[in-house]
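Top to bottom, those sequences are chains E and C.
FYI, the UniProt record's numbering numbers position 79 of the first sequence as 79, with every residue one higher than the one before it.
FYI, the UniProt record's numbering numbers position 153 of the second sequence as 153, with every residue one higher than the one before it.
Backbone N, C-alpha and C define an ideal beta-carbon position, used for all residues, glycine too.
Protein chains: 2
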Amino acid sequence: MSIATARSTETPTLAVSTVIFTLRPNDSGALQLATPLVRRIRAPFEGQWALPGGPLQVNEDLATSASHTLRDTTGLEPRYLEQLYAFGSVDRAGGASAERVVSIVYWALVGADEAELAIDSENVQWFWADELPRLAFDHNQIVEYALGRLRNKLEYSRIAHVFLSEAFTLAQLREVYEAVLGRELDPGNFRRMVESTGTVEETGEVLAGTRHRPPKLYRATIQAGETK
Amino acid sequence: MSIATARSTETPTLAVSTVIFTLRPNDSGALQLATPLVRRIRAPFEGQWALPGGPLQVNEDLATSASHTLRDTTGLEPRYLEQLYAFGSVDRAGGASAERVVSIVYWALVGADEAELAIDSENVQWFWADELPRLAFDHNQIVEYALGRLRNKLEYSRIAHVFLSEAFTLAQLREVYEAVLGRELDPGNFRRMVESTGTVEETGEVLAGTRHRPPKLYRATIQAGETK
């Protein structure tokens, strides 16, 4: 956010930022939630990491602004964005700036195929969502809020399928749940939970391989990517 | 919103508005959802009804601004407000104003005890939420969005209890559901649904009166007013 370019104490400035999550394997090979951040190159919080975003242009809709600044700063173009929340506490710059900025924040999930940062720069990087440094403004709180929304949505939507191929094993689905929730789940309980919700169905195929009893493949019962 | 007082084509203006619902008996004696509106006294949309709200002051938090303008315009002071959504389409004034306004909208429910408009004016009135006139800006859409959120929340939260006394009959609870959902519900199915969710429990008392078989009284199993 280039909030230092237009200082004003008269009216709050409006910015639009985006929290994006993907799942990637960590050093132990387990999936873990990651989010891209952009290093600020001007005051306030110069040199600190922040969510991708920028000031709202007068001729841009909110979601258009989110997509636009996201593309410009990270190269990411998620298939959908959803509005998360407007953050506007008077003290969210923590005294680092006299300017009042209200941020309307979007969030998105991207699958492995979409998660390439087209911007190759030391100022744009993926971070593990639960191991963030101290971010600019109240952006740590914003990521926490987005994590809460994601975890909540996991319970009552098909959101996990954004991270999976069209056909997947229950073990793969459970791995996504474990990565998002940040804790291990009992395989038996997980199988019963999934079967009781009716969100997946057997494809009739099994995972190709050399195992004696290859695991069954499943698919989501409604379109993957739906989040409402 | 006094958006005509400070015109700018440089940066969007930020306003905070609030949708409040209450339940009141209509002419047939059935409960119906009502929302308070304020008549605009300046351009654009002069003379048309609009949601209570106003421009965000630089020294006010978002929820504080919502409470403050709500109190000033309607006299209402709901026990809690929750952020609904930020509305910011470029064309939301429909050509009636050159100024771009982004509205961060809050919503609230008020019980009968809180629903008195302290401002006695022909420019502040309650309307039935499903019989609104053409409102200023995109405020009809905003009320529709708030209705959707309310109806959705009814399904998985204790929100109905905001409209009830501490002890209530299942018929009274069903009347609230019917008013919010805008359709009649089968009493037997409703009873089974409520019993299966465990959101209410018997108080051990019955409704005082002269009937031979007075109906049982229930209470919410967690604090009324909780909405998450």
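Out of C:68, C:48, C:28, state which residue places its alpha-carbon closest to the alpha-carbon of residue 37 (chain C).
Cα-wise, what sits closest to residue 37 (chain C) is C:48.
Using only alpha-carbon positions, find the residue among C:162, C:207, C:195 that is nearest to residue 20 (chain C).
Comparing Cα-Cα distances from residue 20 (chain C) to each of C:162, C:207, C:195, the minimum goes to C:162.
Within the same chain, show all residues whose beta-carbon is closer than 7 angstroms to that of residue 221 (chain E), passing over the 5 residues directly before and after it, in chain order.
Same-chain partners within the cutoff: 198, 199, 200, 201.
Quick one: list the residues of chain E neighbouring residue 238 (chain C), beta-carbon separation under 7 angstroms, in chain order.
Residue 238 (chain C) cannot be examined here, being either before or after the span of chain C that is shown, 1 to 228.
With H, G and I counted as helix, E and B as strand and the rest as coil, what does DSSP make of residue 80 (chain C)?
Here residue 80 (chain C) sits in coil by DSSP.
Residue 176 (chain E): which of E:41, E:160, E:66 sits nearest, CA to CA?
The shortest Cα separation from residue 176 (chain E) among E:41, E:160, E:66 belongs to E:160.
Given this structure, state the Cα-to-Cα distance separating residue 51 (chain E) from residue 11 (chain C), to the nearest angstrom.
Distance between the alpha carbons of residue 51 (chain E) and residue 11 (chain C): 21 angstroms.
So what does DSSP say about residue 163 (chain E), is it helix, strand or coil?
Residue 163 (chain E) falls in the helix class under three-state DSSP.
Assuming contact is defined by CB atoms lying nearer than 9 angstroms, are residue 102 (chain E) and residue 104 (chain C) in contact in what I supplied?
Yes, the Cβ-Cβ distance between residue 102 (chain E) and residue 104 (chain C) is below 9 angstroms.
Closer than 8 angstroms, Cβ to Cβ, to anything on chain E: give me those residues from the region 32–57 of chain C, in chain order.
Of all residues in the region 32–57 of chain C, 55, 56 have a Cβ within less than 8 angstroms of some Cβ in chain E.
How about the region 106–124 of chain C and the region 201–215 of chain E: do they share at least three Cβ pairs that are nearer than 8 angstroms?
Segments in contact, no.
Checking contacts by CB at 9 angstroms: is residue 74 (chain E) closer than that to chain C?
So no, residue 74 (chain E) is outside the interface.
Are the beta-carbon atoms of residue 117 (chain C) and residue 81 (chain C) separated by less than 9 angstroms?
It is not a contact, given that the beta carbons lie outside the stated cut-off.
Which of the residues in the region 102–131 of chain C, read from start to end, lie with their CB under 8 angstroms from any CB of chain E?
Cβ contacts with chain E come from 102, 104.
Identify which residue in E:100, E:39, E:213, E:40 has its Cα closest to the Cα of residue 60 (chain C).
Of E:100, E:39, E:213, E:40, the residue nearest in Cα terms is E:100.
Kindly say whether residue 13 (chain E), judged by its beta-carbon, lies nearer than 9 angstroms to any beta-carbon of chain C.
Answer yes: the Cβ-Cβ gap between residue 13 (chain E) and chain C drops below 9 angstroms somewhere.
What separation, rounded to the nearest whole angstrom, lies between the Cα atoms of residue 115 (chain C) and residue 54 (chain C)?
So the two alpha carbons sit approximately 21 angstroms from each other.
Mind checking which residues open and close the beta strand (DSSP E) that includes residue 69 (chain C)?
First-last for residue 69 (chain C): 62–74, but that is the alpha helix (DSSP H), not the beta strand (DSSP E).
Less than 9 angstroms separating the beta-carbons of residue 18 (chain E) and residue 66 (chain E)?
Contact flag set, yes.
Just to make sure I have the definition right: I need the residues of chain E whose C-beta is within less than 8 angstroms of the C-beta of residue 160 (chain C). Which are they?
None at all; the shortest Cβ gap to chain E is about 19 angstroms.
Taking residue 83 (chain E) as the query, report the chain C residues whose CB atoms sit under 9 angstroms from its CB, ordered along the chain.
Those within 9 angstroms of residue 83 (chain E) in chain C are 85, 86.
Sorted by chain position, which residues of the same chain lie with C-beta nearer than 6 angstroms to residue 189 (chain E)'s C-beta, five sequence neighbours on each side aside?
Around residue 189 (chain E): no qualifying Cβ.
Report the residue from E:33, E:137, E:16 whose alpha carbon sits nearest the alpha carbon of residue 183 (chain E).
Measuring from the Cα of residue 183 (chain E), the nearest candidate turns out to be E:33.
Under 7 angstroms between beta-carbons, which chain E residues line up against residue 100 (chain C)? List them in chain order, please.
The contacting residues are 58.
I need the straight-line Cα distance from residue 187 (chain E) to residue 74 (chain E), nearest angstrom please.
Roughly 37 angstroms separates the two Cα atoms.
Quick one: residues in its chain with C-beta nearer than 6 angstroms to the C-beta of residue 2 (chain E), no 5 flanking neighbours on either side, listed in chain order?
The predicted position of residue 2 (chain E) is uncertain, since its pLDDT is 42 and thus under 50; a value taken from the coordinates is nonetheless stated next. Here the set comprises nothing.
How many angstroms separate the CA atom of residue 24 (chain E) from the CA atom of residue 30 (chain C)?
Rounded to the nearest angstrom, the two C-alpha atoms are 55 angstroms apart.
Could you tell me whether any Cβ in chain E is nearer than 9 angstroms to the Cβ of residue 156 (chain C)?
Yes, residue 156 (chain C) counts as interfacial toward chain E.
For residue 168 (chain C), list the residues DSSP reports as bridge partners.
In DSSP, residue 168 (chain C) forms a bridge with C:218.
Exposed or buried, residue 6 (chain C), counting other C-beta atoms within 10 Å across all chains shown (16 or more means buried)?
Note on residue 6 (chain C): pLDDT 42, under 50, position unreliable in the model; the coordinate value appears next. Its Cβ having fewer than 16 others within 10 Å, residue 6 (chain C) is exposed.
What are the residues that DSSP puts in a beta bridge with residue 201 (chain C)?
C:219, per the DSSP bridge assignment.
Take the Cβ of residue 44 (chain E) as the centre, count every other Cβ of all protein chains shown within 10 Å, and call the residue buried at 16 or more, exposed below.
That one is buried.
Measuring alpha carbon to alpha carbon, tell me which of C:129, C:164, C:133, C:155 ends up nearest residue 147 (chain C).
Selected option, being the one with the closest Cα: C:129.
Taking residue 108 (chain E) as part of the beta strand (DSSP E), name the residues at either end of that continuous run.
101–109 is the extent of the beta strand (DSSP E) around residue 108 (chain E).
Can you check which of these residues, E:136, E:64, E:157, is closest to residue 39 (chain E) by C-alpha distance?
If we check each option's Cα against that of residue 39 (chain E), E:136 comes out closest.
Suppose you measure from the CA of residue 62 (chain E) to the CA of residue 87 (chain C); what does that come to, to the nearest Å?
Spanning the two alpha carbons is a distance of roughly 8 angstroms.
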